[in-house]
Structures are given as structure tokens and as C-alpha cells.
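Heads up, the sequence shown is in full-length UniProt numbering, so the first residue is 1 and it goes up one at a time.
Quick reminder that beta carbons are idealized off the backbone N, C-alpha and C, glycines included.
None of these values were measured; they are calculated from a predicted model.
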Amino acid sequence: MQQSSSTVAASDNTPASRNGDDDYVNGLPPEPVDEATLIEQRRKRREAIKAKYRDQSTPLLVKVLQAGNETESTVQNPGQSMAQNETPADSHLNTPLETPEDTSGAPSPTELRVSRDEDLANANVVTTNGVDKDESSSADYDPTQDMREDKMRHDKRHFGEEVSSGTYDDTKTAKQDVLVPNPTTENPAQIKAKNPLEIDMFAPEDDMFAEEAPITSKAPEAISKPSIPQKLDMSMMDNWDDPEGYYNVMLGELVDGRYHVQQNLGKGMFSSVVRATDSKTGRLVAIKIIRNNDTMRKAGMKEIELLEQLLAADPDDKKHIIRFERYFEHKGHLCIVFENLSMNLREVLKKFGRDVGINLRAIRAYAHQMFLGLSLLRKCNILHADLKPDNLLVNENRNLLKVCDLGSASPASENEITPYLVSRFYRAPEIILGIPYDYAIDMWSIGCTLFELYTGKILFTGRTNNQMLRSVMECRGKFPPKFLRRGTLTYLHFDDFLNFRSTEEDKVTGRMVTKIVDFKKPTRDLKTRLMGKGSKWMSDSETKELTLFIDLLDRCLSINPEKRCTPSEALKHPFITRGKI
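Structure (C-alpha cells):
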């Protein structure tokens, strides 16, 4: 058997020893092969190859990082030198992402204590006798695609033709940033930096006994968690951006001489977001990297101005607006640094309340903090204009909430009529109808969000603005004629007699048809949708609590924006001021 082993080894490593006959080696007939022994030999050969390459060529990405580090160590400006001198020990740089230091302000007066997952769960699951059988799940909704579709409709209406999705450039029109958490997407830089050990050049392709190469590359893994943050060498890369202008983030990169990039958090229409360790403080931060585009950059600078205004108005961090720290330039990209938080409310629903929502005690605490944030925005004369679960972040303990993403925000005086402001499901009717709007649009969005938190379902759904109006009237009733006459875009959805023209797809032909629809009374009102059959098993105290919640939503979702409650009025509502259940 020893002879057989040497023969196999020779045949694998010295191809010239083979003659033209597949059945004979060196003119001798093959001896019987022990399959287990052969597999073991191939494994040993693989380990020898790995050992051979382990101390040789370094992957390109590591070279880039090391070259940048060497350059930085030999040529430094005074500012960079100071930043490095202030760098704490490595133990700070390797702080686990799961236990970030909480830098948020004091908890709200209606403090939410979450010691276990069940503290957010909703025991009163709402079932409504089939009224809402077609409701969309809040946990599964991704507003990014809706925003792209809205922009394409906007272009079609203004330019009179279909816009190809392949040639569509949202950087020319989009102001909003929708954070789409995508922690599993592989970074392009990681794809290129493949480990050469994955491929065994000596293994025959048709060898059924050859061990398969490992699927997971170890090189990117080692790069993603370096012990020392390293600056990239500018001379070793031709382009830092992808074709759409997003920055190609490299995990382990040192940004602005102080931020050690640790994790990709996601990307939206406006920017990408990463989590990094600040080497000056040892704390985790979130960095919003604006796309490399003049329009986006201007919008980013506008956002910074509003953030600075809000920061000055709330020095003690008591109004639940995300804390802006600073901004800087990095390889042609505007970068905005924020405090680090854990997850947004849509992620909370995915994790703790998919299709059933979270409990009223948690909603009360979150609502209180939302209204405090709205009160500061109103005090500073700012419209957020994109409030939704995705733009409301909570801390690691899930008991403190902050309003984030002011990419669509503007001074209240700049309320230009546009039918696609705010993400569609959270868009107030006055925006769709072309009626001058104000702070009340943010209160409408909060009302929609609170409904989602309790039910796990989206309140108003429609693929177009027209169908959004229909959904609103099914729940809130007909629009008053006086209200409709104020709209410059009312004619798109109502005839001369103010009858609603519903544009929908014919179920038989599949074509879009328009028909008059009359709403004599709401068929899916708030009380029916929220009380449901589940309320039969509620205690008197729980029923009263839910009744107060419905009343709060009713005030937040008044069709007439002038009658919608203000943040200060909402903070005084019995649902907010009432004690715990």
C-alpha cells in the first residue's frame, strides 16, 4: 500500500509521468486504490499547499491598507499627528458592537423599562372580522422602491413619457434618504479581495475525491476586524466610488484620521451609513456618507445647517432629536457624524411585533418622545417631511427614541407644492391635493406610525397618490368640498362636481380604468380596525387605555390639517399623561 501511495503522489504532482493511456501510469497497470487513504492524502497535500502560501503574497486590499498606514506614519500634518497622539488603547478600538456606550440624553418622563423581549410584545392581537384581511405588513414594507416609483411618476407627468428604470437617475430629483438595513450584503471591496488559498491549482477538476474549496474566505474576515485602523493609500486605487456615486466602504479603513470603520449599516437614495469607532473617544458613532453628486452634497449641507440649529436649541439633549457631532470631507464625499443608536422602529416591529404590533405601554413611551421631537422641530420652524418607522431610532435597551434623517427637512417657509413629498404611506392628503402645508404633515405621519406600532399593519396603502386618497377616505370619510377646492392638484383625482375618480386596474383585462366612487361613510374606520374581536378579552382598564389611544390617533389624523393636534396638545393628551396600565 505504501508503493501505491507514492505512485498516486507522483501522478498528481508530475503530469509528465503520464503516458497517453488513461488506464496505465508509466506503463504499469494500476493497483487497487483505498478510497479513504486517497482522501486523507489529498487533505494532507492541501494543508501543505496552504502552509506554503500562508507566509507569501498578501491580498491587494491588505496591501492598500498597509501602504496607507506606512505613508501616514512617515508623512503627517500637525492635525493628523495630534489625532494619533490622542488615540486610546486598542481595547477601546475593539469595543464589541453589541455593547455600545449609550450617549443619549435622559429618559423621558414616561420611562420604558425593557428587561426582556416580552416587555414589548402586544398581548392584545387585533382581529377585525376580515375588514383588514388585505392589510400590508409594516415589518415587511420597504419604502425605498416606493420612492423610486414616485419619482418616475413625477418625471412621466412632467416630461410626458415613460422613464426607463435603467436610465433613471434619482440623484437628480431625490432629497430623501431611506435607510435600508442590509448587514448581509457583501461589500464590493471584499468580493475583489479573495483569498488565494480558496483555489487549489493542483487539484484536477474532474477528481471526485478532491476536497472542495472552503466557501468562506478568511482574508476579508481578517480585514474586517483589524487590530489597528489603517488609512487607505490614495495612489493604489483609481476610483473610490461605485457607478451610482456611493462610496465603496472598506471595513477596517481609518476615515478622517480618527474613525475606524467597523460595519456597513445600509444605504438609501441619499447616502450610505456605516458604524465606526471614534479613536479620540473610544465611542461608537454612525457616519452618513453622502453620494458623490452636487445635488446630494447641497442637500447634505442643508441638513447640516438644520442639525446645527436643532443642536443649539437643545443643548441638554432632552428633545429626542439625534445628536449631530461634526462633518468632514472624505475622498470627495461629504460625511456627517451622528451618535450611535441601535435599530429603527421598523426593525423593532420585525423583531418583536411582526403583524401583531407592540404593547400600549411601549407605544406611550415612544409617542411621548416623538411628540417632544416634533415640539423642538416646530419651535425651530422646521418641517421634517419624512417621518416614518424607518426614521425613528431606539437605543440598545429599546427604551429611548430619537428622530433622525433630516434629509428631506426644510424651514417651514419653504413649503413648495410637490405631490411626492414624504414617503407615500405617510403622506398627508393636503400634499397629494396640492394644498399649502405646514407642521401638520409631520403629525399625520406620526399618527400613521403609531397605528403601525400597535397593529403591525400599515394604515393607509395605495400604489399611487390616487389610491392613497381612496384609502384615506375609506378610513376617515369624504373630504369636505371646501377643503378640496383649496387644492391645485384636486383636478387630478376629482371631477368638476368633486366626485372622486378612482384609477385602478381592471381585474379582468388588467388595464387601468377610471370610475366614480362615492364614500357615504367610512368602511374601515379606526375604531373598527383597532378594537376588533381581540377587545372582547381585554380588561376594563385595557379597554379604556385603547379607547384613549384611538382618540389620540383620531386627533393626529384629522383630514383638516388646521384641526390636527399640535405637539404640545398631544403631550397633554390623556393617553400620554395617563399612568401605566
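Measuring CB to CB, does SER502 end up less than 8 Å from THR490?
Contact flag unset, no.
Between VAL422, TYR259, ALA428, which has its C-alpha nearest VAL337's C-alpha?
In this structure, TYR259 is the residue among VAL422, TYR259, ALA428 with its C-alpha nearest to the C-alpha of VAL337.
Please report the distance separating the alpha-carbon of ARG578 from that of ALA367.
Rounded to the nearest whole angstrom, the C-alpha separation of ARG578 and ALA367 is 13 Å.
Among PRO411, GLU430, LYS457, which residue has its Cα nearest to the Cα of ARG354?
Of PRO411, GLU430, LYS457, the smallest CA-CA separation from ARG354 is found for LYS457.
Around the Cβ of PHE460, are there at least 16 other Cβ atoms within 10 angstroms (buried) or fewer (exposed)?
PHE460 should be labelled buried.
Over the uninterrupted alpha helix (DSSP H) stretch that includes CYS380, give me the two end residues.
Run containing CYS380: none; DSSP gives neither H nor E here.
Could you check the C-alpha separation between GLY257 and ASP294 for me, to the nearest Å?
Looking at the backbone, the Cα of GLY257 and that of ASP294 are separated by about 25 Å.
Which whole runs of the beta strand (DSSP E) in the region 242 to 329 are 3 residues long or more, in chain order?
Qualifying beta strand (DSSP E) stretches, in chain order: 259 to 267, 271 to 278, 284 to 290.
Nearest candidate by alpha-carbon position, reference LEU307, set GLU339, ASN415, MET269:
Ranked by Cα distance from LEU307, the first of GLU339, ASN415, MET269 is GLU339.
Buried versus exposed call for ARG485 [16 or more other C-beta atoms within 10 Å across all chains shown]:
It is exposed - the Cβ of ARG485 has fewer than 16 other Cβ atoms within 10 Å.
Got a sec? Which residues, its chain only, sit under 7 Å from PHE328 by beta carbon, not counting five neighbours each side?
Here the set comprises ASP256, CYS335.
Verify whether the separation of the beta carbon atoms of ASN264 and VAL249 is less than 8 Å.
Taking 8 Å as the Cβ cut-off, ASN264 and VAL249 qualify as a contacting pair.
Going by Cα to Cα distance, which pick from ASN292, ARG283, GLY282, ASP278 is closest to MET269?
Here the closest residue by C-alpha is ASN292.
Any C-beta of chain C sitting closer than 8 Å to the C-beta of ILE358?
Structure shown: chain C not included; a single protein chain is present.
Tell me which residues share the same chain as SER375 and place their Cβ nearer than 8 Å to its Cβ, disregarding the 5 neighbours each side in the sequence.
Spatial neighbours of SER375 in its own chain (CB-CB distance under 8 Å, excluding positions within 5 residues in sequence) are listed in chain order as LYS319, PRO567, SER568, LEU571.
Name, in chain order, the residues that DSSP records as bridge partners for residue 583.
Outside the shown range of the chain, which is 1 to 581, sits residue 583, and nothing can be said about it.
I'd like to confirm the pairing. Which residues does DSSP put opposite PRO567 in its beta bridges?
None, per the DSSP bridge assignment.
Taking only three categories from DSSP, how would you classify ARG485?
In the structure shown, ARG485 adopts helical secondary structure according to DSSP, grouped into three states.
Near LYS288, what residues of its chain come up, given a Cβ to Cβ distance below 6 Å and the 5 sequence neighbours on each side ignored?
Answer for LYS288: SER271, VAL273, ILE336, listed in chain order.
Residue interval of the beta strand (DSSP E) (run including SER502)
Taken as a continuous stretch (DSSP letters only), the beta strand (DSSP E) holding SER502 covers 500 to 505.
Based on DSSP bridge pairs, tell me the residues matched to VAL348.
Residue pairing by DSSP places VAL348 opposite no residue, since no beta bridge is assigned to it.
Buried or exposed, going by whether 16 or more other CB atoms sit within 10 Å of the CB of CYS565?
CYS565 is buried by the Cβ-count criterion.
Alpha carbon of ASN560 to alpha carbon of VAL261, nearest angstrom:
About 47 Å.
With 16 other Cβ atoms within 10 Å as the buried cut-off, status of VAL517:
By the neighbour-count definition (other C-beta atoms within 10 Å, threshold 16), VAL517 is an exposed residue.
According to DSSP, what are the bridge partners of ILE516?
For ILE516, which the question treats as bridged, DSSP gives the partners ARG501.
When you compare only the Cα positions, how much space is there between CYS556 and ARG361?
Answer to the nearest angstrom: the Cα atoms are 19 Å apart.
Buried versus exposed call for PRO429 [16 or more other C-beta atoms within 10 Å across all chains shown]
Buried is the label assigned to PRO429, since at least 16 other Cβ atoms lie within 10 Å of its Cβ.
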